[in-house]
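Accompanying notes for the structure given below.
In the working numbering, the protein residues as written are 212 to 338.
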């Protein structure tokens, strides 16, 4: 009985850590990217590339902070894909390419949604 209680306590601790990570890191990052990528898309559509460039630099600096936390919890392949997408977005904004910028914004958002779905607490992810 003692081992069952210890195992149950460990499971509860692991799930609690997962909840904290998801709600304080994944959800807040999703909200940040969702809001800023929508604004970035509007800037690109209106050909306001100076504002788009400044916002892209802000997104890159925020990603540097997020990446330091996610590296312990999220698949490295997903992190690398997001990093590559942000770099492509930065370059396409830098050369004022509307089509590539909009495509990369959508790609980046889909990668963030993928991570959000993969790290969501479901029974499938637990067992």
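Where is the CB? At the ideal position from N, CA and C, for every residue including glycine. If you're wondering where the values come from, they're calculated on a predicted model, not measured in any experiment.
Within a 10 Å sphere around the beta-carbon of residue 304 sit 16 or more other beta-carbons, which makes this residue buried. Taking residue 312 as the centre and dropping the five residues before and after it, the same chain places the C-beta of 255, 303, 304 closer than 6 Å to its C-beta, in chain order.
Counting C-beta pairs closer than 8 Å gives three or more between the segment 317-331 and the segment 280-292, which meets the contact rule. Between the alpha carbons of residue 274 and residue 318 lies a distance of about 15 Å. The DSSP-derived three-state label of residue 331 is coil. Secondary structure of residue 212 (DSSP, three-state): coil. Per DSSP, reduced to three states, the secondary structure at residue 307 is coil, with no helix or strand assignment.
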